[in-house]
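Participant: Take a look at this one; I'll ask things after.
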Amino acid sequence: MSTIVFTGGGTGGHVYPGLAVYRELSRDHQEKVLWIGSRRGIERGIVGGEGLRYRSVPTGKLRRYFDWQNFLDLFRVAAGFFAALWILKREGASLVFSKGGFVAVPVVAAARVAGIPVVVHESDADPGLATRLTAPLARVICLPYEESIQAFSPSLRGRVVVTGNPVRREFFSDSSRHALSLVGLQDEGLPVILVTGGSLGAHQLNRYVREQIKALTEIALVVHQTGDHGKELIGEIAAEAVPGRYAGFPSFSEEFAPLLQRSDLVICRAGAGSIWELAVTATPAVLVPLSSASSRGDQVRNAARYAASGAALVFEGGPEDSKDLLVMVQSLLEDSPRRAAMAEAARSFAGGNSARSIAGIIGRIIE
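Note that the UniProt record's numbering has the sequence shown beginning at 1, numbered continuously upward.
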């Protein structure tokens, strides 16, 4: 039996969408599946929790600036290429699905050399460097939006399929009824605010919550994901909150989809995966994108595009502007018709089941 290889990592946005595709694919196909990631990446734990086999390869970081580490990383990428080539041949791989991130580059290159078809998916409106490097090696390039096609040369556009972004099936079915009990809160008839910085957490969002938790919990229940780096703040924030109205966690697992569905408002970063989970669950949001100074600007563009649909507001204040964010949140919680309109816009944005569409593409190639 042949093996379908998934690759991607670095953040949850390079892993969870791949798992969504895997779950849809496994409904119709019985091929073996292997995930290739990095040795220390977040993907190892996430994929392991899914019960998938996992192999690691060396990889380097694709920096857009000068750093002496770039020289060493060339050797790491080369080592990753040969390690991936050995794994692919040993497994008898029939296809590689790449979800992006640094680790995907040597794996896709090895697949091309071995003559194994590759399907690449990009989540962001503006394709990242890993996708730009691997897309020329792919048979099919899956993109979230029509306008994303313009990022590629005319010679590659014939390989593009606009699929949207894959979201796990649990986000499509309403499981919100017991969401609050999963995090130890009682339903007091108050609005529910979910604050999440994504799989790695966000210092800026944690600071906002710490500074405004008393005011927030006077008007709502607050569920807060800090990330591992912010977990020491949970006790401090809880002590300042109205008793029984704050629940903080370093990370979420099975309770995340129900919480998203139960929330009246979400405050979060603007990663592509987060945006599509908001859209699928029709949850109004305030997006706080990672600034262009701290990243390649993908979250700023993601946020602008989603906000243009009417499904979210964008907060562009700095770390010292938590009071301005509080005013925005209070205004939305007091305006039920506006939140209802945002929810409807989110539903329209989401479209169909992207994971199912991509699984269909993979299935047709391997059959």
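C-beta atoms are modelled at their ideal positions from N, C-alpha and C, and glycine is treated no differently.
1. How about Gly198 and Arg269: are their beta carbons less than 7 Å apart?
2. Step through the CB atoms of chain B and report whether any lies within less than 7 Å of the CB of Gln299.
3. Using CA atoms only, rank isn't needed, just tell me which of Leu25, Glu334, Thr7, Pro17 is closest to Ile366.
4. Quick one: residues in its chain with C-beta nearer than 6 Å to the C-beta of Thr283, no 5 flanking neighbours on either side, listed in chain order?
5. For Pro258 versus Ala179, is the C-beta spacing smaller than 7 Å?
6. Could you say which of Leu34, Thr59, Val57, Gly100 lies nearest to Gly48 if we only look at CA atoms?
7. Comparing alpha-carbon positions, which option in Cys142, Arg132, Gly45 lies nearest Phe152?
8. Just mark Trp276 as buried or exposed, buried being the case when its beta carbon has 16 or more other beta carbons within 10 Å.
9. Is the number of C-beta pairs between the region 80-100 and the region 2-15 that are closer than 8 Å three or more?
10. Let me confirm a value: Pro166 is counted as buried when at least 16 other C-beta atoms fall within 10 Å, else exposed. Which label applies?
11. DSSP on Gln204, reduced to helix/strand/coil?
12. Could you check where the beta strand (DSSP E) with Tyr54 kicks off and where it finishes?
13. Just how far apart, CA to CA, sit Ala220 and Asp324?
14. On the CB-based measure, 16 or more other CB atoms within 10 Å of its CB, does Glu122 come out buried or exposed?
15. Should Gly13 go down as buried or exposed, given a rule of 16 or more other Cβ atoms within 10 Å for buried?
16. Should Pro337 be labelled buried (16 or more other beta-carbon atoms within 10 Å of its own) or exposed?
17. Report the three-state DSSP secondary structure of Gly81 (helix, strand or coil).
18. By how many angstroms is the C-alpha of Leu129 removed from the C-alpha of Gly297?
19. Could you give the residue range of the beta strand (DSSP E) that holds Ser98?
20. Do Phe315 and Val280 count as a contact pair if the criterion is CB distance below 7 Å?
21. Measuring only the C-alpha atoms, how far is Ala345 from Glu170?
22. Taking 7 Å as the cut-off, decide whether the C-beta atoms of Val113 and Ala84 are in contact.
23. Could you tell me which residues DSSP puts in a beta bridge with His229?
24. Determine the extent of the alpha helix (DSSP H) in which Ala359 is found, giving its start and end residues.
Facilitator: Inspection of the coordinates gives the following:
1. yes
2. No chain B appears in this structure, which consists of one protein chain only.
3. When only C-alpha atoms are compared, the closest one is Leu25.
4. Leu260, Ser263, Val266
5. yes
6. Leu34
7. Arg132
8. buried
9. yes
10. buried
11. helix
12. 53-56
13. 17 Å
14. So Glu122 ends up on the buried side.
15. buried
16. With fewer than 16 other Cβ atoms within 10 Å, it is exposed.
17. Strictly speaking, residue 81 in this sequence is Phe, with Gly absent from that position. Of the three classes helix, strand and coil, the one that applies to Phe81 here is helix, per DSSP.
18. 12 Å
19. Taken as a continuous stretch (DSSP letters only), the beta strand (DSSP E) holding Ser98 covers 93-98.
20. no
21. 21 Å
22. no
23. In DSSP, His229 forms no bridge with anything.
24. 354-366
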